Amino acid sequence: MTEREAVLYQMMGAFYKAGLPLVFKGALVVKAIMSERGFNLLERETHDIDANWVSNPPAMDTLVSAINQVLHDEMSSFKVASIQDYTEMQSACLGVTDTETNVRYATIDIKVKPGTKHAVYCVNDVKFEGVMVNEILADKISVLSGNKIFRRAKDFIDVYALSHCVEIKVSDIIDTCGKEGRTLSPFSEFLNRKTELEHAYNRLQRIRGKPTFEEIYSYMASFLRAFIERSSEDLVWNSRDHAWAKGDRHPKKRAADR
Numbered sequence: 007m008t009e010r011e012a013v014l015y016q017m018m019g020a021f022y023k024a025g026l027p028l029v030f031k032g033a034l035v036v037k038a039i040m041s042e043r044g045f046n047l048l049e050r051e052t053h054d055i056d057a058n059w060v061s062n063p064p065a066m067d068t069l070v071s072a073i074n075q076v077l078h079d080e081m082s083s084f085k086v087a088s089i090q091d092y093t094e095m096q097s098a099c100l101g102v103t104d105t106e107t108n109v110r111y112a113t114i115d116i117k118v119k120p121g122t123k124h125a126v127y128c129v130n131d132v133k134f135e136g137v138m139v140n141e142i143l144a145d146k147i148s149v150l151s152g153n154k155i156f157r158r159a160k161d162f163i164d165v166y167a168l169s170h171c172v173e174i175k176v177s178d179i180i181d182t183c184g185k186e187g188r189t190l191s192p193f194s195e196f197l198n199r200k201t202e203l204e205h206a207y208n209r210l211q212r213i214r215g216k217p218t219f220e221e222i223y224s225y226m227a228s229f230l231r232a233f234i235e236r237s238s239e240d241l242v243w244n245s246r247d248h249a250w251a252k253g254d255r256h257p258k259k260r261a262a263d264r
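Residue numbers for the sequence shown follow our numbering, beginning at 7 and rising by one.
Structure follows, in C-alpha cells:
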C-alpha cells in the first residue's frame, strides 16, 4: 500500500464515521478484499476514490459541502471542489487538494445510486462501507466479455486477483448482472483478438507482481470458461484450487457473498 492510498483509506473511514451515505467501490475496495483474504502477490496502485451516493440525490453544492465538512473536522489539510457535476448518466468528479501546497492530491468520483447493497470492510483498523464482491465481479466480467476489455484491461488484473481470494458462483454473477442491467457478451474479443489484448495489458503500469500476459491469459481462459460456455450455472470457483466444481444452485443456507 502506498502512502497516498493509506491517506485515501483514512478519508473513506472518516466519511463512514461521519455517516455520509457513501458506499465505496473500485480499486480500493478490491485491495481491501485482497488484504482481508491475505492475498498479496500483486498490487495495483491507485490515486482515486470511487463511490456511490446511496441516499436521495443531493444538490451538487450540498454534496461538496458535506464532504468538506468531514475533511475540515477530521483531515483539515485537504479540501474538495467540484470538477464535474453528476447527471443521470455520469458521476460527479471532485478534486481533492492539499491545502498546504495547493496541489491536486486525488479525485473522488461519485455516482448517485440509491439502494446499493454493501458490506463493511476494514483496512489497517479503518472501517468503511463498500459494494459487495459479486457486484464488483459482475461489472468486471461483463467488461471482459465485450469490446470494453481493451479500455479496461485493468479489470483483467482485478478479476485475476479476486479469483484468488473468494469463492465465486456462476449463478450469483449471472443473477447480479441481470439485476444491475449488465450484459454478458460472447467474449469474442478475449478469444479472437489476443494480440490486441496483450498490447493493452502490457501498457498497464504501477502494478507490483504483475504476471506475464501469457500467464494471466492462460489462467483467465480457465476461469472465464464457465461464463463463455454457459454450460452450467451450478459451477463454483474454488479460490484455493483455482478450478471450477459443481455446486448447489439453491442451497438451503447461503452465506453472504463476501
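Quick reminder that beta carbons are idealized off the backbone N, C-alpha and C, glycines included. All of these numbers come straight from a predicted model, not from anything done at the bench.
Between the options, which lies nearest to residue i when the distance is taken from Cα to Cα?
i: residue 164; options: 222, 84, 30; result: 222
i: residue 159; options: 15, 226, 12; result: 226
i: residue 236; options: 180, 65, 74; result: 180
i: residue 72; options: 26, 91, 60, 53; result: 26
i: residue 102; options: 37, 44, 53; result: 53
i: residue 245; options: 45, 23, 17, 16; result: 45
i: residue 95; options: 110, 109, 115, 86; result: 115
i: residue 201; options: 239, 64, 141, 156; result: 156
i: residue 14; options: 134, 197, 40, 195; result: 134
Give every residue of the same chain whose Cβ lies closer than 8 Å to the Cβ of residue i, excluding the five residues on either side of it in the sequence, and list them in chain order.
i: residue 242; result: 173, 174, 175, 176, 250, 251, 252, 253
i: residue 216; result: 48, 163, 210
i: residue 74; result: 85, 86
i: residue 186; result: 141, 144, 145
List the whole-angstrom C-beta distance separating residue i from residue j, where the pair is believed to meet the contact cut-off of C-beta under 8 Å.
i: residue 136; j: residue 125; result: 6 Å
i: residue 16; j: residue 109; result: Contact flag wrong, Cβ pair sits at about 18 Å.
i: residue 33; j: residue 10; result: Rounded, the Cβ-Cβ distance is 12 Å, inconsistent with contact.
i: residue 84; j: residue 104; result: 6 Å
i: residue 99; j: residue 113; result: 6 Å
i: residue 36; j: residue 167; result: 7 Å
Could you pull the start and end residues of the beta strand (DSSP E) that residue i belongs to?
i: residue 156; result: Per DSSP, residue 156 belongs to no beta strand (DSSP E) and is neither H nor E.
i: residue 122; result: Residue 122 -> no beta strand (DSSP E), and no H or E assigned at all.
i: residue 273; result: This structure leaves residue 273 out entirely; the chain is present only between 7 and 264.
i: residue 242; result: 241–244
Among residues of its own chain, excluding the 5 on either side of residue i, which ones have a beta-carbon nearer than 6 Å to its beta-carbon?
i: residue 58; result: 29, 117, 119, 122
i: residue 193; result: 151, 234
i: residue 41; result: 129
i: residue 3; result: One cannot answer for residue 3 here, as it falls past the ends of the chain, which runs 7 to 264.
Grab me the residues of residue i's own chain with a C-beta within less than 7 Å of its C-beta, minus the 5 sequence neighbours each way, in chain order.
i: residue 188; result: 144, 145, 148
i: residue 204; result: 219
i: residue 20; result: 76, 80, 81
i: residue 24; result: 76
Would you list the residues sitting across from residue i in a DSSP beta bridge?
i: residue 115; result: 56, 99
i: residue 213; result: 50
i: residue 87; result: 101
i: residue 110; result: 103
Checking contacts by CB at 7 Å: is residue i closer than that to chain D?
i: residue 218; result: Annotation note: the requested chain D is absent from the structure, which comprises a single protein chain.
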